[in-house]
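Asker:
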Amino acid sequence: MQSSHDTILAPSILAGDHADLKSSLKKIEAAGLSWVHLDIMDGHFVPNLTFGPQTVKAMRSSTNLFFDVHLMLDNPDKLVDAFIDAGADQVTIHVEPDYPIQETLTRIKTRGCKCGVVLNPDTPAEAAKPYLAECDIILLMTVQPGFGGQCFRKDVLSKIEIFANWRKELGLNYRLQVDGGVDLNSAGDCTIRGVDTLVAGTAFFKAEDPQAFNTAVTK
Ligand code: DX5
Ligand code: ZN
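Per this note's numbering, the sequence shown starts with residue 187, numbered consecutively.
Shown next as structure tokens:
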């Protein structure tokens, strides 16, 4: 199933150098890429903590990369404005916690930012169906979120097919993104099914030649 979008790689800064985020951003730019994926964790929705709007703002001052901000928070509705103020270009929010999802998506859009919903590996596709028309992107987690370096969950491949089919049947144009355990092998399994946006942390930052890695996964 083809996507009408070009396939792109969004490296996750989670696997970068947190004592020198600037150099990690430069590494992404040097590989010729235009997106960076920023994982925001609250220590509650996921069992890990990363960074907040202040750090995003600091990064914003040193790069023009597209900021793809993935909020792993129990109450994303309380913080979307702060991340948009800090320089987010796109904000994705999970469907699992209890908060006004539709209102939050509308809020993000009203602020001139792209938006999307995220599903954990065990969350059924139907949970995102009410929001599809609003979304610029659908993010399917291919690991349980919280940590980089986990193994890709092949059982999510069938869910990718569902979203690729819905995109076609419903005449929608959202990007289809996967996040977690994306490497040379799993990337191909995803893109052949209609994924056009790949997040990779470990595989990108550990690659001997990040530019060649990008070429290989997006071909
Ligand atoms: C997982 C994060 C991912 C993570 C991916 O909770 O949402 O973005 O950084 O890392 P890798 O590519 O190492 O699985
Ligand atoms: Zn992520």
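Backbone N, C-alpha and C define an ideal beta-carbon position, used for all residues, glycine too. Here the structure is a predicted model, which is why all the values come from computation and not from measurement.
Could you give the uninterrupted runs of the alpha helix (DSSP H) lying entirely in the segment 242-274, keeping only those of 4 residues or more?
Answerer: Here the runs fully enclosed are 266-272.
Asker: For the segment 332-339 against the segment 364-375, do three or more pairs of beta-carbon atoms, one drawn from each stretch, fall closer than 8 Å, so that the two count as touching?
Answerer: These segments touch.
Asker: Just checking my contact of ILE270 with ILE294 at CB under 8 Å: how many whole Å lie between their CB atoms?
Answerer: Between ILE294 and ILE270 the Cβ distance is about 7 Å, and since that is below 8 Å, they are a contact.
Asker: In this structure, how does DSSP classify CYS301 when only helix, strand and coil are distinguished?
Answerer: DSSP places CYS301 in strand when its eight states are reduced to three.
Asker: Can we count HIS204 as close to the ligand ZN, meaning its CB is less than 7 Å from some heavy atom?
Answerer: HIS204 Cβ: outside cutoff for every heavy atom of the ligand ZN.
Asker: Grab me the residues of ASN234's own chain with a C-beta within less than 8 Å of its C-beta, minus the 5 sequence neighbours each way, in chain order.
Answerer: For ASN234, where only same-chain residues beyond five positions count, the Cβ hits under 8 Å are MET227, GLY332 and PHE333.
Asker: Among the candidates THR193, ALA201 and ASP192, whose CA atom is the shortest distance from the CA of ALA389?
Answerer: Of the candidates THR193, ALA201 and ASP192, the one whose C-alpha sits nearest the C-alpha of ALA389 is ALA201.
Asker: Taking buried to mean at least 16 other C-beta atoms within 10 Å of its own C-beta, is PRO310 buried or exposed?
Answerer: Label assigned to PRO310: exposed.
Asker: Do you know whose CA, among GLN276, ASP263, ARG379 and HIS191, lies nearest GLU347's CA?
Answerer: Answer by Cα proximity: ARG379.
Asker: Give every residue of the same chain whose Cβ lies closer than 7 Å to the Cβ of ASP203, excluding the five residues on either side of it in the sequence, and list them in chain order.
Answerer: If we look at ASP203 and ignore the five residues flanking it on each side, its Cβ neighbours are SER209 and SER210.
Asker: For the candidate residues SER189, SER372 and ARG339, whose alpha-carbon lies nearest to that of GLN330?
Answerer: Measuring from the Cα of GLN330, the nearest candidate turns out to be ARG339.
Asker: Taking three-plus beta-carbon pairs below 8 Å as touching, is the segment 351-360 in contact with the segment 310-324?
Answerer: Contact holds: three or more Cβ-Cβ distances are below 8 Å.
Asker: Going by beta carbon distance, what residues of the same chain come within less than 6 Å of LYS300, once the five residues before and after it are set aside?
Answerer: These residues qualify, in order along the chain: GLN276 and ASP322.
Asker: Which residue spans inside the segment 310-336 form an unbroken beta strand (DSSP E) run of at least 3?
Answerer: Runs of the beta strand (DSSP E) inside the segment 310-336: 323-327.
Asker: Identify which residue in LYS405, ASP341, THR290 and ASP395 has its Cα closest to the Cα of ALA217.
Answerer: Per the Cα distances, ASP395.
Asker: State yes or no: is the C-beta of VAL403 within less than 8 Å of the C-beta of HIS223?
Answerer: No; because the gap between Cβ atoms is not below 8 Å, this pair is not in contact.
Asker: Leaving out five residues before and five after ASN306 in sequence, what residues of the same chain have Cβ atoms less than 8 Å from its Cβ?
Answerer: So the list reads HIS280, GLU282, MET327, GLN330 and PRO331, once near-sequence residues are dropped.
Asker: For ALA373, count the other beta carbons within 10 Å of its own beta carbon; 16 or more makes it buried, fewer makes it exposed. Which is it?
Answerer: Looking at its Cβ environment, which holds 16 or more other Cβ atoms inside 10 Å, ALA373 is buried.
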